[in-house]
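Since the structure comes first, as structure tokens, the remarks are kept for the end.
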Amino acid sequence: MNRFETIANNLAEQIRSGHIPVGTKLPSLRQIISQYGVSQTTVFRAYYLLEQWGLVRAEERAGYFVAPGATLGATPATNNREDSPKKVDISDLVFSVLESTRHPDIVPFGSAFPSPKLFPSARLLKSLVAGTRSLSPWSTVEDLPGSDHLRQQIGLRYIGTGFAVGADEIIVTNGALEALNLCLMAVTRPGDVVAVEAPGFYAALQAIERLDLRAVEIPVDPVTGLDLDALRSSLEQHPIKACWFMPNFQNPTGTSLTMEKKRTLVEMLREKQVPLIEDDVYQELHFSRERPLPAKAFDTAGLVMHCSSFSKTLAPGYRIGWAAAGRFADKVRRLKLMTTLSACIPAQAGLADYLQHGGYDRHLRSLRSSFQAQLEQMEEALRKWLPDDIKWTRPDGGYMLWLQLPQSIRAMELHSRAIERGVSIAPGPLFSLRHSFQNCVRLNFGHPWDARYERAVKIFADILDDPSVHD
Ligand SMILES: Cc1ncc(COP(=O)(O)O)c(C=O)c1O
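As structure tokens, this is what we get:
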């Protein structure tokens, strides 16, 4: 939590509990500055937040006063903590940031995709031709919503990880994003509460916003991952209808849960009969020898819906993903038929052929070693150009680095200054309901390193010294 949020939360608790009655003038700026040792801007931000929450109102030249009704029907003070369910309003921020990072001349540290140069496009094209040639004209209608051949090949990859998923449980979708969205639709109704990670993937928040659900955030530690104690207490406090988590190489922190924590997570949700939507798009991009198990491997109750795709590893443009949806498979299949009927049939045929004959494991080995080398190059550049107090956690897979910058940094300003100088970054506020993580950024190291990237790190370091990006 940022300092202004801490101050706002402390005051909100006292207002809601009636300790600061309606009409009371809030402490002056000077009092708060000396009490908390913060800047004037921080106090303004805190008061502005309280105003947005409807708890205080500003009176010109007189100061801030507790607003009428602020304590009426007040929910217990704890409900004002970060874990209270909240409607989501994130899309405008996400679209404006993503739009500004799309230009090819911009260095794509803020992008969610790795470089397409690392994918075997010629070999894939060969499989696309072979797969399409062997398609029966009837398969376009008989294979709805997903090709048997592709589902079998996906099933074999689960066996390669060490556990089995039946082909009939697998629904082929237009990328992982559709799989995740369909799973969410299958287990929720408007107004329901969904637990998400903080920081977490913004598309989860966008899906919740679109389906008119409410979100409750569960903290993710950049080293140890999802806070299971916080999840347990949220499950006690709120009527959570589903969880959307990334146990492997979490976006944006890159952290993974240990096997033991995955097992505990699945068990905790089984006790409460809460479905888990597991986003596992980076599973194949591990740096250690073994492919990490998903939480799905520990599921005996059919409550885990495991979603993944070929977008991060092989063919983003083919838009092929899947959900292994456990006991919800029929519902997800119907939703798929009702929404987009099927994923592209030739793309499915091409990928099935590639998985069978194209050398996917060989390609993955080379992709992982490229990412590892690029991570080292990026870390070297960060160590060279950035001040020593900037921290990041070395991920054990994927291609994202989560940086924690000095507390005074405002990541949105940092993002704007960086774009002006031809570099994109993914600012921390993108990854949470309350636009927190103001002093964090996510950097992508999924592109072959060269002088342009080195220069971009230097630019990033220069901007950190710019007073306009500080509180
Ligand atoms: C964490 C995460 N999950 C899911 C997706 C969506 O994957 P797909 O492109 O297969 O729809 C993305 C893409 O950015 C992602 O970063």
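Add 17 to a position in the sequence shown, counting from 1, and you land on the number used in my numbering.
All C-beta atoms, glycine included, are put in the ideal place defined by N, C-alpha and C.
In this text, all values refer to a predicted model and were calculated from it rather than measured experimentally.
When the five nearest sequence neighbours on each side are left out, the beta carbons in the same chain lying within less than 6 Å of the beta carbon of residue 476 are those of 438 and 440, in order along the chain. With respect to the 9 Å criterion, residue 28 and residue 43 are classified as neighbours on the basis of their beta carbons.
The beta carbon of residue 136 lies closer than 7 Å to those of 331 and 332 in the same chain, with the five residues before and after it left out. Collapsing the DSSP output to three states places residue 426 in a strand. Residue 417 is bridged by DSSP to 461. In the assembly as shown, residue 240 is an exposed residue. Its beta-carbon has fewer than 16 other beta-carbons within 10 Å. Contiguous beta strand (DSSP E) elements confined to the region 167-228 occur at 187-191 and 210-215, taking only those with 3 or more residues.
Contact annotation: residue 457 and residue 342 have beta-carbon atoms that are not nearer than 9 Å. Residue state for residue 81 is assigned as strand, using DSSP reduced to three classes. Selection 394, 248 and 211 evaluated against residue 232 yields 211 as nearest (Cα-Cα). Remark: the C-beta of residue 423 is outside contact range of ligand 1, defined as less than 8 Å to any heavy atom. The beta carbon of residue 21 sits closer than 6 Å to those of 59, 62 and 63, all from its chain and outside the five residues before and after it, given in chain order. Taking a contact as a CB-CB distance under 8 Å, the pair residue 192 and residue 184 does not count as one, their CB atoms being some 20 Å apart.
The C-beta distance from residue 442 to residue 460 rounds to 6 Å, short enough to meet the 8 Å contact threshold.
Exclusion of the five residues before and after residue 344 leaves 319 as the residues of its chain whose Cβ lies within less than 6 Å of its Cβ. For residue 181, same chain residues with a beta-carbon under 8 Å away, outside a window of 5 residues either side, are 172 and 175 in chain order. Remark: C-beta atoms of residue 448 and residue 247 do not approach each other more closely than 9 Å. Below 8 Å, too few C-beta pairs join the region 376-388 and the region 147-164 to call them touching: fewer than three. Residue 186 is not a Cβ neighbour of residue 312, given a cutoff of 9 Å. Checking the DSSP bridge columns, you'll see residue 322 partnered with 294. In this structure residue 179 is exposed. Its beta-carbon is surrounded by fewer than 16 other beta-carbon atoms within 10 angstroms.
Of the heavy atoms belonging to ligand 1, none sits nearer than 8 Å to the Cβ of residue 437. With a cut-off of 8 Å, the C-beta of residue 130 is classified as near ligand 1, since at least one heavy atom of the ligand falls inside that distance. In chain order, the residues positioned with their C-beta nearer than 5 Å to some heavy atom of ligand 1 are 129, 192, 193, 194, 218, 268, 296, 298, 326, 328 and 338.
When Cβ pairs closer than 8 Å are counted between the two stretches, the region 161-170 is seen to touch the region 349-360, the count reaching three or more.
With fewer than 16 other Cβ atoms inside 10 Å of its own Cβ, residue 374 counts as exposed. For residue 147, the enclosing alpha helix (DSSP H) begins and ends at 138-150.
The C-alpha of residue 26 is placed about 38 Å away from the C-alpha of residue 315.
In summary, residue 266 is buried, with 16 or more beta-carbon neighbours lying within 10 Å of its beta-carbon over all protein chains present. The beta-carbon distance between residue 243 and residue 262, rounded to whole angstroms, is 6 Å. This is short enough to meet the 8 Å contact definition. Straight across, the Cα-Cα distance linking residue 225 with residue 101 is about 15 Å. Residue 454 counts as buried, since no fewer than 16 other beta carbons sit within 10 angstroms of its beta carbon. Out of 348, 471 and 413, the CA that lies nearest to the CA of residue 400 is found in 471. Closest in C-alpha terms to residue 264, from the list 148, 32, 236 and 409, comes 236. Inclusion of residue 462 and residue 418 in the CB contact set at 9 Å is warranted, their separation being smaller than that value.
Counting the other CB atoms within 10 Å of its CB gives residue 388 a total of 16 or more, which places it among the buried residues.
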